[in-house]
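In the numbering used here, the protein residues as written are 3 to 485. Notes to accompany the following structure.
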Amino acid sequence: MDKKRLKEFEAIFNPRSIAIVGASRERKVGGLAVHYLRHAGYRGKIFPVNPAEKEIMGLVAYPSVRDIPEPVDFVIIMVAAATVPGIIEDCAARGVKAVQLFTAGFSETGESGPARLERRIVSRAREAGIRLIGPNCVGISVPDRLIPLETTGTIGEPGDIALLAQSGGHTETLADIGCSRGIRFSKLISFGNGADLDAIDFLEFLREDPQTRTIAIYLEGITNGRCLFELLGQTSPVKPVVLLKGGRTDAGREMAMSHTGSLAGSEMVWKAALKQAGAIEVATLDEMADTLMAFQYLPPITGNRIAAVSQLGGGAGGAGVLAADICTSLGLELLPFSGEVKEKLRGIASAPGSILRNPLDLSLAGRNPVLLGKVLELLAGLADTDLIMLNERVSFLLAFTSGDELQAINDTLINFRRGNKKPLLVVSPPGGIYEVERMATEERLTQAGIPVYSSFERAARALANVTRYWSFFSTSYTRNWDR
3 MDKKRLKEFE AIFNPRSIAI VGASRERKVG GLAVHYLRHA GYRGKIFPVN PAEKEIMGLV
63 AYPSVRDIPE PVDFVIIMVA AATVPGIIED CAARGVKAVQ LFTAGFSETG ESGPARLERR
123 IVSRAREAGI RLIGPNCVGI SVPDRLIPLE TTGTIGEPGD IALLAQSGGH TETLADIGCS
183 RGIRFSKLIS FGNGADLDAI DFLEFLREDP QTRTIAIYLE GITNGRCLFE LLGQTSPVKP
243 VVLLKGGRTD AGREMAMSHT GSLAGSEMVW KAALKQAGAI EVATLDEMAD TLMAFQYLPP
303 ITGNRIAAVS QLGGGAGGAG VLAADICTSL GLELLPFSGE VKEKLRGIAS APGSILRNPL
363 DLSLAGRNPV LLGKVLELLA GLADTDLIML NERVSFLLAF TSGDELQAIN DTLINFRRGN
423 KKPLLVVSPP GGIYEVERMA TEERLTQAGI PVYSSFERAA RALANVTRYW SFFSTSYTRN
483 WDR
(Lines of atoms letter the chains of each structure in order from A and count residues from 1; the text may use other names and numbers.)
(Lines give C-alpha, C1' and ligand atoms only; values in the text may rest on other atoms or scores of the structure.)
Protein backbone atom coordinates (compact mmCIF):
# COMPACT_ATOMS: atom_id res chain seq x y z
CA MET A 1 0.00 0.00 0.00
CA ASP A 2 1.49 3.36 -1.06
CA LYS A 3 2.02 6.31 1.28
CA LYS A 4 -0.95 8.23 -0.10
CA ARG A 5 -3.37 5.41 0.71
CA LEU A 6 -1.82 4.89 4.15
CA LYS A 7 -2.35 8.59 4.80
CA GLU A 8 -6.08 8.16 4.18
CA PHE A 9 -6.28 5.78 7.14
CA GLU A 10 -4.49 8.20 9.46
CA ALA A 11 -7.68 10.24 9.90
CA ILE A 12 -9.61 7.06 10.72
CA PHE A 13 -7.29 5.38 13.22
CA ASN A 14 -5.48 8.39 14.65
CA PRO A 15 -7.87 11.35 14.33
CA ARG A 16 -6.93 14.60 16.03
CA SER A 17 -10.60 15.53 16.28
CA ILE A 18 -13.98 13.80 16.01
CA ALA A 19 -17.37 15.36 15.27
CA ILE A 20 -20.60 13.51 16.13
CA VAL A 21 -23.55 14.56 13.97
CA GLY A 22 -26.71 13.73 15.90
CA ALA A 23 -25.16 14.24 19.32
CA SER A 24 -27.71 14.76 22.09
CA ARG A 25 -28.15 15.13 25.81
CA GLU A 26 -30.41 12.11 25.94
CA ARG A 27 -29.50 8.45 26.30
CA LYS A 28 -29.52 7.87 22.55
CA VAL A 29 -26.71 6.68 20.31
CA GLY A 30 -25.57 10.23 19.57
CA GLY A 31 -25.39 11.09 23.24
CA LEU A 32 -23.71 7.82 24.13
CA ALA A 33 -21.04 8.34 21.47
CA VAL A 34 -20.05 11.66 23.07
CA HIS A 35 -20.19 10.21 26.58
CA TYR A 36 -18.08 7.16 25.74
CA LEU A 37 -15.37 9.20 24.00
CA ARG A 38 -15.07 11.47 27.02
CA HIS A 39 -15.21 8.61 29.51
CA ALA A 40 -12.49 6.67 27.66
CA GLY A 41 -10.19 9.70 27.86
CA TYR A 42 -9.88 10.35 24.12
CA ARG A 43 -7.11 12.93 23.80
CA GLY A 44 -8.35 14.72 20.69
CA LYS A 45 -11.08 17.31 20.37
CA ILE A 46 -14.75 16.30 20.40
CA PHE A 47 -17.31 18.38 18.50
CA PRO A 48 -21.00 17.59 19.13
CA VAL A 49 -23.20 18.64 16.19
CA ASN A 50 -26.87 19.35 16.79
CA PRO A 51 -28.69 22.50 15.55
CA ALA A 52 -31.09 22.33 18.51
CA GLU A 53 -28.40 22.46 21.21
CA LYS A 54 -25.82 25.01 22.35
CA GLU A 55 -23.98 22.70 24.73
CA ILE A 56 -23.82 18.92 25.23
CA MET A 57 -22.07 17.35 28.22
CA GLY A 58 -20.01 20.45 28.83
CA LEU A 59 -18.90 20.74 25.19
CA VAL A 60 -19.89 23.46 22.74
CA ALA A 61 -22.42 22.10 20.24
CA TYR A 62 -22.44 23.31 16.63
CA PRO A 63 -25.37 23.58 14.19
CA SER A 64 -23.43 21.77 11.45
CA VAL A 65 -19.99 20.41 10.62
CA ARG A 66 -19.50 23.45 8.40
CA ASP A 67 -19.83 25.71 11.48
CA ILE A 68 -17.02 24.09 13.46
CA PRO A 69 -14.21 26.70 13.57
CA GLU A 70 -11.37 24.17 13.86
CA PRO A 71 -10.06 21.33 11.66
CA VAL A 72 -12.12 18.12 11.77
CA ASP A 73 -10.46 14.81 10.85
CA PHE A 74 -13.25 12.31 11.44
CA VAL A 75 -17.05 12.63 11.44
CA ILE A 76 -19.58 10.12 12.80
CA ILE A 77 -23.04 10.54 11.26
CA MET A 78 -25.91 9.25 13.42
CA VAL A 79 -29.00 10.82 11.83
CA ALA A 80 -31.63 9.78 9.26
CA ALA A 81 -30.46 8.58 5.84
CA ALA A 82 -32.31 11.33 3.96
CA THR A 83 -30.22 14.03 5.67
CA VAL A 84 -26.84 12.45 4.90
CA PRO A 85 -26.21 14.09 1.46
CA GLY A 86 -26.38 17.56 3.00
CA ILE A 87 -24.04 16.53 5.81
CA ILE A 88 -21.54 15.19 3.27
CA GLU A 89 -21.61 18.61 1.60
CA ASP A 90 -20.83 20.21 4.96
CA CYS A 91 -17.96 17.77 5.47
CA ALA A 92 -16.60 18.57 2.02
CA ALA A 93 -16.72 22.30 2.77
CA ARG A 94 -14.91 21.74 6.09
CA GLY A 95 -12.14 19.60 4.59
CA VAL A 96 -13.05 16.44 6.51
CA LYS A 97 -10.90 13.42 5.62
CA ALA A 98 -13.08 10.50 6.79
CA VAL A 99 -16.72 9.87 7.64
CA GLN A 100 -18.37 6.94 9.36
CA LEU A 101 -22.05 6.34 8.64
CA PHE A 102 -23.74 4.70 11.61
CA THR A 103 -26.99 5.37 9.78
CA ALA A 104 -28.83 2.41 8.22
CA GLY A 105 -31.50 2.41 5.51
CA PHE A 106 -29.37 2.14 2.38
CA SER A 107 -28.52 -0.74 0.03
CA GLU A 108 -29.01 -3.36 2.75
CA THR A 109 -32.77 -2.78 2.46
CA GLY A 110 -32.75 -4.36 -0.99
CA GLU A 111 -34.72 -1.42 -2.40
CA SER A 112 -33.58 0.58 -5.42
CA GLY A 113 -34.18 4.04 -3.92
CA PRO A 114 -31.96 3.61 -0.83
CA ALA A 115 -29.32 1.91 -2.98
CA ARG A 116 -29.22 4.91 -5.35
CA LEU A 117 -28.91 7.24 -2.38
CA GLU A 118 -25.93 5.23 -1.12
CA ARG A 119 -24.20 5.42 -4.52
CA ARG A 120 -24.84 9.16 -4.70
CA ILE A 121 -23.29 9.71 -1.26
CA VAL A 122 -20.22 7.63 -2.09
CA SER A 123 -19.74 9.46 -5.40
CA ARG A 124 -19.88 12.89 -3.76
CA ALA A 125 -17.57 11.83 -0.95
CA ARG A 126 -14.96 10.56 -3.38
CA GLU A 127 -15.13 13.81 -5.34
CA ALA A 128 -14.36 15.65 -2.11
CA GLY A 129 -11.54 13.32 -1.09
CA ILE A 130 -13.53 11.85 1.81
CA ARG A 131 -13.31 8.14 2.67
CA LEU A 132 -16.47 6.51 4.00
CA ILE A 133 -16.94 3.67 6.51
CA GLY A 134 -20.37 2.05 6.30
CA PRO A 135 -23.16 2.82 6.08
CA ASN A 136 -24.98 0.64 8.60
CA CYS A 137 -22.07 0.06 10.99
CA VAL A 138 -20.74 0.86 14.47
CA GLY A 139 -17.43 2.15 13.14
CA ILE A 140 -14.06 1.75 14.77
CA SER A 141 -12.34 1.39 18.11
CA VAL A 142 -8.65 2.03 18.67
CA PRO A 143 -7.71 1.19 22.28
CA ASP A 144 -4.23 2.67 21.93
CA ARG A 145 -5.81 6.02 20.99
CA LEU A 146 -8.54 5.70 23.67
CA ILE A 147 -11.28 5.50 21.05
CA PRO A 148 -14.03 3.13 22.29
CA LEU A 149 -16.87 1.53 20.39
CA GLU A 150 -19.43 4.29 19.97
CA THR A 151 -22.46 2.14 20.84
CA THR A 152 -21.25 0.28 23.94
CA GLY A 153 -18.22 2.19 25.16
CA THR A 154 -16.19 -1.03 25.23
CA ILE A 155 -12.45 -0.44 25.25
CA GLY A 156 -9.92 -2.98 26.46
CA GLU A 157 -6.17 -2.94 26.89
CA PRO A 158 -4.27 -2.26 23.65
CA GLY A 159 -2.90 -5.34 21.91
CA ASP A 160 -1.89 -6.63 18.50
CA ILE A 161 -5.06 -8.37 17.26
CA ALA A 162 -7.23 -6.54 14.71
CA LEU A 163 -10.90 -7.34 14.15
CA LEU A 164 -12.55 -6.57 10.81
CA ALA A 165 -16.28 -7.29 10.76
CA GLN A 166 -19.21 -6.70 8.47
CA SER A 167 -21.56 -6.93 11.47
CA GLY A 168 -21.70 -4.24 14.15
CA GLY A 169 -23.28 -6.65 16.62
CA HIS A 170 -20.48 -9.18 16.21
CA THR A 171 -17.94 -6.38 16.63
CA GLU A 172 -19.56 -5.42 19.94
CA THR A 173 -19.74 -9.06 21.07
CA LEU A 174 -16.08 -9.81 20.33
CA ALA A 175 -15.02 -6.56 21.99
CA ASP A 176 -16.89 -7.60 25.14
CA ILE A 177 -15.44 -11.13 25.01
CA GLY A 178 -12.01 -9.57 24.63
CA CYS A 179 -12.45 -7.49 27.78
CA SER A 180 -13.66 -10.45 29.83
CA ARG A 181 -11.07 -12.97 28.58
CA GLY A 182 -8.01 -10.79 28.11
CA ILE A 183 -7.97 -10.66 24.30
CA ARG A 184 -6.25 -7.40 23.45
CA PHE A 185 -7.05 -5.58 20.21
CA SER A 186 -5.07 -3.08 18.19
CA LYS A 187 -8.14 -2.05 16.19
CA LEU A 188 -11.78 -3.05 15.83
CA ILE A 189 -13.46 -2.18 12.54
CA SER A 190 -17.14 -2.53 11.71
CA PHE A 191 -17.69 -1.58 8.07
CA GLY A 192 -21.33 -2.57 7.44
CA ASN A 193 -22.33 -2.28 3.78
CA GLY A 194 -18.78 -1.36 2.74
CA ALA A 195 -20.04 1.09 0.14
CA ASP A 196 -16.65 2.80 -0.09
CA LEU A 197 -13.99 1.26 2.15
CA ASP A 198 -14.64 -2.47 2.27
CA ALA A 199 -12.99 -5.63 3.58
CA ILE A 200 -10.28 -5.57 0.92
CA ASP A 201 -9.30 -1.96 1.68
CA PHE A 202 -9.05 -2.59 5.41
CA LEU A 203 -7.24 -5.91 5.01
CA GLU A 204 -4.65 -4.21 2.80
CA PHE A 205 -4.10 -1.66 5.56
CA LEU A 206 -3.97 -4.22 8.38
CA ARG A 207 -1.43 -6.29 6.45
CA GLU A 208 0.94 -3.29 6.61
CA ASP A 209 -0.08 -2.10 10.09
CA PRO A 210 2.89 -2.48 12.49
CA GLN A 211 0.54 -2.54 15.49
CA THR A 212 -1.30 -5.62 14.21
CA ARG A 213 0.10 -9.15 14.30
CA THR A 214 -3.07 -11.27 14.01
CA ILE A 215 -6.21 -10.45 11.97
CA ALA A 216 -9.74 -11.69 12.67
CA ILE A 217 -12.41 -11.25 10.00
CA TYR A 218 -16.18 -11.75 9.97
CA LEU A 219 -17.66 -11.60 6.47
CA GLU A 220 -21.12 -12.17 5.04
CA GLY A 221 -20.13 -11.63 1.43
CA ILE A 222 -17.71 -9.83 -0.84
CA THR A 223 -18.02 -8.14 -4.21
CA ASN A 224 -14.57 -9.13 -5.48
CA GLY A 225 -13.81 -12.65 -4.31
CA ARG A 226 -10.72 -13.15 -6.48
CA CYS A 227 -9.08 -10.01 -5.11
CA LEU A 228 -9.95 -10.99 -1.53
CA PHE A 229 -8.46 -14.48 -1.80
CA GLU A 230 -5.32 -13.18 -3.50
CA LEU A 231 -4.90 -10.69 -0.65
CA LEU A 232 -5.51 -13.40 1.96
CA GLY A 233 -2.83 -15.48 0.25
CA GLN A 234 -0.40 -12.56 0.51
CA THR A 235 -1.33 -11.81 4.14
CA SER A 236 -1.45 -15.27 5.72
CA PRO A 237 2.31 -15.99 5.45
CA VAL A 238 2.97 -12.70 7.24
CA LYS A 239 0.14 -12.55 9.78
CA PRO A 240 -2.37 -15.22 10.85
CA VAL A 241 -5.87 -14.53 9.50
CA VAL A 242 -8.81 -16.09 11.38
CA LEU A 243 -11.97 -15.89 9.29
CA LEU A 244 -15.63 -16.57 10.10
CA LYS A 245 -18.08 -16.51 7.23
CA GLY A 246 -21.76 -15.83 7.79
CA GLY A 247 -24.41 -16.99 5.33
CA ARG A 248 -23.25 -20.59 4.97
CA THR A 249 -26.79 -21.96 4.78
CA ASP A 250 -29.79 -20.92 2.69
CA ALA A 251 -31.35 -19.26 5.74
CA GLY A 252 -28.08 -17.55 6.59
CA ARG A 253 -27.66 -16.27 3.03
CA GLU A 254 -31.12 -14.70 3.14
CA MET A 255 -30.29 -13.00 6.44
CA ALA A 256 -26.95 -11.74 5.08
CA MET A 257 -28.72 -10.14 2.15
CA SER A 258 -31.15 -8.29 4.44
CA HIS A 259 -28.49 -7.47 7.05
CA THR A 260 -25.72 -5.89 4.98
CA GLY A 261 -26.96 -6.42 1.43
CA SER A 262 -24.30 -9.08 0.85
CA LEU A 263 -24.39 -12.04 -1.50
CA ALA A 264 -22.82 -14.78 0.58
CA GLY A 265 -21.74 -17.11 -2.24
CA SER A 266 -21.06 -20.84 -2.33
CA GLU A 267 -19.75 -22.43 0.86
CA MET A 268 -17.77 -25.04 -1.07
CA VAL A 269 -15.96 -22.36 -3.07
CA TRP A 270 -15.22 -20.36 0.07
CA LYS A 271 -13.76 -23.34 1.93
CA ALA A 272 -11.49 -24.36 -0.93
CA ALA A 273 -10.27 -20.80 -1.53
CA LEU A 274 -9.63 -20.13 2.18
CA LYS A 275 -7.64 -23.33 2.55
CA GLN A 276 -5.52 -22.46 -0.47
CA ALA A 277 -4.94 -18.94 0.87
CA GLY A 278 -3.78 -20.26 4.25
CA ALA A 279 -6.49 -18.52 6.27
CA ILE A 280 -7.93 -20.25 9.34
CA GLU A 281 -11.66 -20.84 9.00
CA VAL A 282 -13.73 -20.99 12.19
CA ALA A 283 -17.41 -21.84 12.59
CA THR A 284 -18.53 -19.66 15.52
CA LEU A 285 -17.66 -16.46 17.36
CA ASP A 286 -16.59 -18.58 20.35
CA GLU A 287 -14.15 -20.55 18.18
CA MET A 288 -12.81 -17.27 16.79
CA ALA A 289 -12.23 -15.90 20.30
CA ASP A 290 -10.66 -19.17 21.44
CA THR A 291 -8.29 -19.20 18.47
CA LEU A 292 -7.32 -15.57 19.01
CA MET A 293 -6.54 -16.44 22.66
CA ALA A 294 -4.16 -19.15 21.49
CA PHE A 295 -2.38 -16.82 19.06
CA GLN A 296 -2.07 -14.14 21.71
CA TYR A 297 -0.79 -16.25 24.61
CA LEU A 298 1.04 -19.17 23.02
CA PRO A 299 4.32 -19.12 21.06
CA PRO A 300 4.42 -20.65 17.58
CA ILE A 301 3.76 -24.38 18.01
CA THR A 302 4.52 -26.44 14.94
CA GLY A 303 4.04 -29.77 16.74
CA ASN A 304 0.74 -31.35 17.76
CA ARG A 305 1.87 -33.61 20.61
CA ILE A 306 0.00 -32.98 23.86
CA ALA A 307 0.61 -34.06 27.43
CA ALA A 308 -2.73 -33.73 29.22
CA VAL A 309 -3.55 -33.65 32.93
CA SER A 310 -7.21 -34.66 32.88
CA GLN A 311 -8.26 -33.17 36.22
CA LEU A 312 -6.49 -31.98 39.37
CA GLY A 313 -7.44 -33.66 42.62
CA GLY A 314 -9.05 -36.87 41.35
CA GLY A 315 -12.32 -37.87 39.71
CA ALA A 316 -10.70 -37.54 36.31
CA GLY A 317 -11.48 -40.82 34.60
CA GLY A 318 -14.31 -39.59 32.39
CA ALA A 319 -12.56 -36.31 31.69
CA GLY A 320 -9.51 -38.20 30.49
CA VAL A 321 -11.54 -40.37 28.14
CA LEU A 322 -13.24 -37.39 26.50
CA ALA A 323 -9.99 -35.41 26.35
CA ALA A 324 -8.36 -38.30 24.47
CA ASP A 325 -11.30 -38.60 22.06
CA ILE A 326 -11.49 -34.86 21.37
CA CYS A 327 -7.77 -34.31 20.87
CA THR A 328 -7.41 -37.32 18.60
CA SER A 329 -10.44 -36.37 16.49
CA LEU A 330 -8.94 -32.92 15.88
CA GLY A 331 -5.55 -34.24 14.79
CA LEU A 332 -3.73 -33.70 18.09
CA GLU A 333 -1.57 -36.53 19.42
CA LEU A 334 -1.59 -37.88 22.98
CA LEU A 335 1.53 -40.04 22.84
CA PRO A 336 1.80 -42.80 25.46
CA PHE A 337 4.34 -42.28 28.22
CA SER A 338 7.38 -44.53 28.14
CA GLY A 339 8.07 -46.99 30.96
CA GLU A 340 10.83 -44.70 32.22
CA VAL A 341 8.49 -41.70 32.38
CA LYS A 342 5.84 -43.75 34.17
CA GLU A 343 8.39 -44.78 36.80
CA LYS A 344 9.38 -41.18 37.36
CA LEU A 345 5.71 -40.18 37.65
CA ARG A 346 5.13 -43.03 40.10
CA GLY A 347 7.93 -41.68 42.23
CA ILE A 348 6.25 -38.25 42.33
CA ALA A 349 2.52 -38.94 42.27
CA SER A 350 1.84 -42.37 43.73
CA ALA A 351 -1.49 -41.45 45.35
CA PRO A 352 -4.25 -44.09 45.26
CA GLY A 353 -6.35 -43.78 42.10
CA SER A 354 -3.61 -42.25 39.97
CA ILE A 355 -3.61 -43.24 36.30
CA LEU A 356 -0.11 -42.75 34.96
CA ARG A 357 -0.86 -42.54 31.28
CA ASN A 358 -1.66 -39.75 28.84
CA PRO A 359 -4.08 -38.06 29.75
CA LEU A 360 -2.65 -38.17 33.26
CA ASP A 361 -4.87 -38.57 36.35
CA LEU A 362 -2.89 -37.38 39.37
CA SER A 363 -5.67 -38.17 41.85
CA LEU A 364 -4.99 -36.59 45.27
CA ALA A 365 -1.45 -35.61 44.27
CA GLY A 366 -2.96 -32.96 42.00
CA ARG A 367 -4.01 -30.98 45.05
CA ASN A 368 -0.42 -30.74 46.28
CA PRO A 369 1.29 -27.69 44.74
CA VAL A 370 4.80 -29.07 45.26
CA LEU A 371 4.04 -32.42 43.64
CA LEU A 372 2.13 -30.70 40.83
CA GLY A 373 5.14 -28.51 40.11
CA LYS A 374 7.40 -31.57 39.88
CA VAL A 375 5.01 -33.28 37.48
CA LEU A 376 4.85 -30.22 35.25
CA GLU A 377 8.64 -29.98 35.14
CA LEU A 378 8.86 -33.66 34.21
CA LEU A 379 6.32 -33.26 31.38
CA ALA A 380 8.05 -30.11 30.15
CA GLY A 381 11.28 -32.05 29.76
CA LEU A 382 9.79 -34.66 27.43
CA ALA A 383 11.21 -34.28 23.92
CA ASP A 384 8.05 -35.74 22.37
CA THR A 385 5.71 -33.20 23.98
CA ASP A 386 4.94 -29.82 22.42
CA LEU A 387 2.38 -28.47 24.90
CA ILE A 388 0.85 -29.25 28.30
CA MET A 389 -2.93 -29.07 28.70
CA LEU A 390 -4.24 -29.12 32.28
CA ASN A 391 -7.81 -29.34 33.59
CA GLU A 392 -8.30 -27.25 36.75
CA ARG A 393 -11.88 -27.84 37.86
CA VAL A 394 -12.18 -25.18 40.55
CA SER A 395 -15.52 -26.40 41.94
CA PHE A 396 -14.06 -29.87 42.56
CA LEU A 397 -10.89 -28.52 44.16
CA LEU A 398 -12.73 -26.15 46.49
CA ALA A 399 -14.97 -28.97 47.67
CA PHE A 400 -11.87 -30.51 49.28
CA THR A 401 -9.40 -27.65 49.71
CA SER A 402 -9.35 -24.08 50.98
CA GLY A 403 -9.12 -20.87 48.99
CA ASP A 404 -5.49 -20.49 50.10
CA GLU A 405 -4.67 -23.97 48.82
CA LEU A 406 -6.29 -23.13 45.47
CA GLN A 407 -4.14 -20.01 45.27
CA ALA A 408 -1.05 -22.12 45.99
CA ILE A 409 -1.95 -24.40 43.07
CA ASN A 410 -2.35 -21.34 40.83
CA ASP A 411 1.00 -20.01 42.08
CA THR A 412 2.55 -23.26 40.89
CA LEU A 413 1.01 -22.88 37.42
CA ILE A 414 2.11 -19.26 37.15
CA ASN A 415 5.65 -19.99 38.34
CA PHE A 416 5.88 -22.81 35.81
CA ARG A 417 4.73 -20.47 33.04
CA ARG A 418 7.33 -17.87 34.01
CA GLY A 419 10.21 -20.30 34.32
CA ASN A 420 9.59 -22.72 31.47
CA LYS A 421 9.36 -22.36 27.70
CA LYS A 422 6.99 -25.31 27.29
CA PRO A 423 3.53 -23.83 26.56
CA LEU A 424 0.83 -24.40 29.17
CA LEU A 425 -2.90 -24.21 28.52
CA VAL A 426 -5.57 -24.54 31.24
CA VAL A 427 -9.12 -25.87 30.98
CA SER A 428 -11.44 -24.39 33.61
CA PRO A 429 -15.03 -25.72 33.36
CA PRO A 430 -18.00 -23.74 34.78
CA GLY A 431 -17.72 -23.46 38.54
CA GLY A 432 -21.29 -23.94 39.77
CA ILE A 433 -21.56 -22.46 43.27
CA TYR A 434 -17.87 -21.56 43.02
CA GLU A 435 -18.19 -19.61 39.77
CA VAL A 436 -16.94 -16.37 41.34
CA GLU A 437 -13.78 -18.14 42.47
CA ARG A 438 -13.41 -19.80 39.08
CA MET A 439 -13.68 -16.45 37.31
CA ALA A 440 -11.04 -14.98 39.63
CA THR A 441 -8.77 -17.94 38.86
CA GLU A 442 -9.25 -17.47 35.11
CA GLU A 443 -8.46 -13.77 35.35
CA ARG A 444 -5.33 -14.40 37.42
CA LEU A 445 -4.00 -17.09 35.10
CA THR A 446 -4.76 -15.07 31.98
CA GLN A 447 -2.98 -12.02 33.37
CA ALA A 448 0.03 -14.27 33.90
CA GLY A 449 -0.02 -15.28 30.23
CA ILE A 450 -1.80 -18.64 30.53
CA PRO A 451 -4.77 -19.04 28.16
CA VAL A 452 -7.88 -20.48 29.83
CA TYR A 453 -10.74 -22.35 28.14
CA SER A 454 -14.10 -23.58 29.43
CA SER A 455 -13.78 -27.11 28.01
CA PHE A 456 -11.30 -29.57 26.54
CA GLU A 457 -13.14 -29.35 23.23
CA ARG A 458 -12.79 -25.58 22.92
CA ALA A 459 -9.15 -25.69 23.98
CA ALA A 460 -8.30 -28.53 21.59
CA ARG A 461 -10.09 -26.91 18.66
CA ALA A 462 -8.21 -23.62 19.16
CA LEU A 463 -4.94 -25.48 19.54
CA ALA A 464 -5.57 -27.49 16.37
CA ASN A 465 -6.22 -24.24 14.48
CA VAL A 466 -2.98 -22.56 15.54
CA THR A 467 -0.77 -25.64 15.17
CA ARG A 468 -2.06 -26.18 11.63
CA TYR A 469 -1.26 -22.56 10.83
CA TRP A 470 2.25 -22.63 12.28
CA SER A 471 2.98 -25.98 10.63
CA PHE A 472 1.87 -24.63 7.26
CA PHE A 473 3.85 -21.42 7.59
CA SER A 474 6.88 -22.77 9.43
CA THR A 475 9.26 -20.13 8.10
CA SER A 476 11.97 -17.95 9.60
CA TYR A 477 9.62 -15.19 10.74
CA THR A 478 7.94 -17.53 13.26
CA ARG A 479 11.15 -17.59 15.27
CA ASN A 480 10.76 -13.88 15.94
CA TRP A 481 7.25 -14.31 17.40
CA ASP A 482 8.17 -13.54 20.99
CA ARG A 483 5.46 -14.13 23.58
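Heads up, the beta-carbon is just placed ideally off N, CA and C, and yes, glycines get one too.
- DSSP places V429 inside the beta strand (DSSP E), whose first and last residues are L426 to V429.
- Contact between A296 and A464 holds, with the beta-carbon distance rounding to 4 Å and staying under 8 Å.
- Taking the C-beta atoms as reference points, S312 is found nearer than 7 Å to P361.
- In this structure the region 95-105 touches the region 69-87; the number of beta carbon pairs closer than 8 Å is three or more.
- In this structure L389 is not in contact with L399, their Cβ atoms being roughly 22 Å apart against a cut-off of 8 Å.
- When DSSP states are grouped into helix, strand and coil, T469 belongs to the helix group.
- Only residues of its own chain outside the window of five on either side were considered, and among them Q278, A279 and G280 have a CB closer than 8 Å to the CB of G235, listed in chain order.
- Remark: C-beta atoms of E394 and S430 approach each other more closely than 7 Å.
- Contact check for R307 and E335: beta-carbon distance about 5 Å, within the 8 Å limit, so the pair qualifies.
- Approximately 16 Å separates the beta-carbon atoms of I202 and K241; this is outside 8 Å, ruling out the contact.
- For the 7 Å CB-CB criterion, A197 and E120 form a contact.
- With fewer than 16 other beta carbons inside 10 angstroms of its own, Q449 counts as exposed.
- Residue state for T153 is assigned as coil, using DSSP reduced to three classes.
- Closest in C-alpha terms to F458, from the list M391, L374, E210 and K189, comes M391.
- Going by DSSP, E12 is part of the alpha helix (DSSP H) stretching over K5 to F15.
- For E283, there is no enclosing alpha helix (DSSP H); the residue is part of the beta strand (DSSP E) that begins and ends at I282 to V284.
- Within the region 100-155, the complete beta strand (DSSP E) segments of 3 residues or longer fall at 100-103, 133-135 and 141-143, listed in chain order.
- When the beta-carbon positions are compared, I224 and L166 stay at least 7 Å from each other.
- Per DSSP, reduced to three states, the secondary structure at M59 is coil, with no helix or strand assignment.
- The beta carbon of L294 is closer than 7 Å to those of I163, I185, T216, A218 and V244 in its chain, skipping five residues each way along the sequence.
- Judged by DSSP in its simplified three-state form, I78 adopts strand.
- Per DSSP, L234 is one residue of the alpha helix (DSSP H) stretching across G227 to T237.
- F402 sits exposed, since fewer than 16 C-beta atoms from the chains shown fall within 10 Å of its C-beta.
- By the Cβ-count criterion, K56 is exposed, with fewer than 16 other Cβ atoms from all chains shown falling within 10 Å of its own Cβ.
- For I219, the beta-bridge partners assigned by DSSP are L166 and L245.
- Counting along the chain, the unbroken alpha helix (DSSP H) around F398 starts and ends at V396 to F402.
- Taken through DSSP and simplified to helix, strand or coil, G161 comes out as strand.
- Residue pairing by DSSP places F187 opposite I163 in a beta bridge.
- Of the candidates T237, R147, F187 and R68, the residue whose Cα lies closest to the Cα of L276 is T237.
- Here A21 is near F49, since their CB atoms are less than 7 Å apart.
- Between A382 and N422, the gap from beta carbon to beta carbon is short of 7 Å.
- By the CB criterion at 7 Å, T214 and A309 fall outside the cutoff.
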